[in-house]
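Structure record follows, encoded as structure tokens.
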Amino acid sequence: MKIISYRDKNIMRCKNYHAAQHRAGDMAIIGGTSVRDDEASMATRAAWLHYAGGLTQAEVAKRLGLTSLKAHRLIMKANQEGLVKVYIDGDVSECVELEQKLSSRYGLDYCEVVPDFDSEDLPLKALGISGAQFLRREIERGETALIGVGHGRTLAASIEYMPRTASNNTRFVSLLGGLTRKFSANPHDVIHRLAERTGAEAYVMPVPFFANTVEDRDVLFSQRGVREVFDLAKSADLLMVGIGTAEREASLVATGMIEMSEIEQIQKCGGTGELLGHFFDEKGRPIETALSNRTFTLGREDLKNRRTVAVAGGRIKTRAIRAVLGSGFLSGLVTDERTAQALAA
Numbered sequence: 000m001k002i003i004s005y006r007d008k009n010i011m012r013c014k015n016y017h018a019a020q021h022r023a024g025d026m027a028i029i030g031g032t033s034v035r036d037d038e039a040s041m042a043t044r045a046a047w048l049h050y051a052g053g054l055t056q057a058e059v060a061k062r063l064g065l066t067s068l069k070a071h072r073l074i075m076k077a078n079q080e081g082l083v084k085v086y087i088d089g090d091v092s093e094c095v096e097l098e099q100k101l102s103s104r105y106g107l108d109y110c111e112v113v114p115d116f117d118s119e120d121l122p123l124k125a126l127g128i129s130g131a132q133f134l135r136r137e138i139e140r141g142e143t144a145l146i147g148v149g150h151g152r153t154l155a156a157s158i159e160y161m162p163r164t165a166s167n168n169t170r171f172v173s174l175l176g177g178l179t180r181k182f183s184a185n186p187h188d189v190i191h192r193l194a195e196r197t198g199a200e201a202y203v204m205p206v207p208f209f210a211n212t213v214e215d216r217d218v219l220f221s222q223r224g225v226r227e228v229f230d231l232a233k234s235a236d237l238l239m240v241g242i243g244t245a246e247r248e249a250s251l252v253a254t255g256m257i258e259m260s261e262i263e264q265i266q267k268c269g270g271t272g273e274l275l276g277h278f279f280d281e282k283g284r285p286i287e288t289a290l291s292n293r294t295f296t297l298g299r300e301d302l303k304n305r306r307t308v309a310v311a312g313g314r315i316k317t318r319a320i321r322a323v324l325g326s327g328f329l330s331g332l333v334t335d336e337r338t339a340q341a342l343a344a
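For the sequence shown, position 69 matches number 68 in numbering that gives the first Met the number 0, and the numbering has no gaps at all.
Structure follows, in structure tokens:
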């Protein structure tokens, strides 16, 4: 298996962009050592699109506004640099600048902006690859003993793109109830997939995300097994979460967790973004809804001053992400370039 990497020490580096691809038996990655900064940045972008995004050289050229010959030369230049690694070790300078802007504007301790592969409304592949690499790094560092995990398509994609990784004594715990009203629409059960990929101990909450009534929630919450998992979630070293919308097309509606009438009521209350079942308006202010007292999740008090990293992006979620960022509950964000540009505007 051939593995390629370009490492450019002249490009500002904050994070690593990692990607694995199985095209013609190759796995490739990029960085650069002898190219000018601008050309190195463009080479990194071209290589990311070609190897991780699976675009042909002609598609890369069209995407970057280059001639096919120029795109070919950029990719060949990366190959000729000759450093071999399993992941992309180069940063696109434009993305680094966006990381710095978002970190400054929203008070983030960690921010990773990944190049887009295409114009999808929800760039699951790009976000999934980066989310997977972030999680894998956390596990391999061995400093995060307990990771709390949220829900959603983006987190599910992160697990899908994560290779089998030894748990390194890391444990996982669900941050919210995960049973749905529609079994056939069982949401992205990332906690089970994580346990399968890592062999780690994983703890789930055997309750729905939202109870039918406040009384039902109180009864279930009084069960010792449920309380023990909640207490464990409160002690997690890292919370890895997704961000939801308050639109009619929201995943919470699609998976049968809540009814259309309930999301419409949330909209009327000003709901824009959702984090672990908590809804926020466009200014990041929490809103109370009919669901607030029926939710099986960590309370807002439990989310304060925590290491909480969201993996979220896409045009359809920009408003929701901005709302959750405004709440001050996030310490980190992994997002795509287009979304980052909108958030930084």
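Beta carbons: idealized from backbone N, C-alpha and C, even for Gly.
Taking Cβ positions, are residue i and residue j nearer each other than 8 Å?
i: residue 275; j: residue 308; result: no
i: residue 166; j: residue 190; result: no
i: residue 220; j: residue 175; result: no
i: residue 297; j: residue 210; result: no
i: residue 104; j: residue 343; result: yes
i: residue 305; j: residue 285; result: no
i: residue 114; j: residue 94; result: yes
i: residue 66; j: residue 60; result: yes
i: residue 164; j: residue 136; result: no
i: residue 111; j: residue 133; result: yes
i: residue 288; j: residue 270; result: yes
i: residue 101; j: residue 332; result: yes
i: residue 265; j: residue 278; result: yes
In this structure, does DSSP put residue i in helix, strand or coil?
i: residue 237; result: strand
i: residue 251; result: helix
i: residue 160; result: coil
i: residue 224; result: helix
i: residue 311; result: coil
i: residue 173; result: strand
i: residue 270; result: coil
i: residue 323; result: helix
i: residue 48; result: helix
i: residue 328; result: coil
i: residue 146; result: strand
i: residue 91; result: coil
i: residue 189; result: helix
i: residue 215; result: helix
i: residue 279; result: strand
i: residue 335; result: strand
i: residue 111; result: strand
Buried or exposed, going by whether 16 or more other CB atoms sit within 10 Å of the CB of residue i?
i: residue 229; result: buried
i: residue 127; result: buried
i: residue 222; result: exposed
i: residue 310; result: buried
i: residue 335; result: buried
i: residue 125; result: buried
i: residue 206; result: buried
i: residue 272; result: buried
i: residue 64; result: exposed
i: residue 156; result: buried
i: residue 70; result: buried
i: residue 252; result: buried
i: residue 106; result: exposed
i: residue 227; result: exposed
Give every residue of the same chain whose Cβ lies closer than 7 Å to the Cβ of residue i, excluding the five residues on either side of it in the sequence, and list them in chain order.
i: residue 188; result: 177
i: residue 62; result: 48, 54
i: residue 257; result: 209, 251, 290
Please name the residue in the options whose C-alpha comes closest to that of residue i.
i: residue 148; options: 300, 42, 234; result: 234
i: residue 259; options: 105, 247, 267; result: 247
i: residue 74; options: 327, 94, 53; result: 53
i: residue 200; options: 289, 144, 218; result: 144
i: residue 245; options: 319, 214, 224; result: 319
i: residue 76; options: 41, 217, 225; result: 41
i: residue 204; options: 215, 225, 216, 192; result: 225
i: residue 150; options: 227, 262, 254; result: 254
i: residue 44; options: 250, 68, 91, 160; result: 91
i: residue 213; options: 290, 98, 51, 97; result: 290
Under 6 Å Cβ to Cβ from residue i, same chain only, skipping five residues before and after it: list those, please.
i: residue 283; result: 322, 325, 326
i: residue 329; result: 307, 309
i: residue 294; result: 209, 276
i: residue 337; result: 115
i: residue 192; result: 158
i: residue 341; result: 317
i: residue 237; result: 143, 146, 306
i: residue 281; result: 271, 322
Output needed for residue i: all residues of its chain with C-beta closer than 8 Å, excluding positions within five of it in sequence on either side, in chain order.
i: residue 154; result: 130, 148, 187, 189, 239, 240, 241, 310
i: residue 315; result: 120, 121, 244, 246, 248
i: residue 194; result: 171, 200, 201
i: residue 169; result: 137, 138, 141, 143, 144, 145, 146, 197, 199
i: residue 216; result: 210, 292, 293, 294, 295
Any beta carbon from chain B within less than 8 Å of residue i's own beta carbon?
i: residue 297; result: The structure shown has no chain B; it contains just one protein chain.
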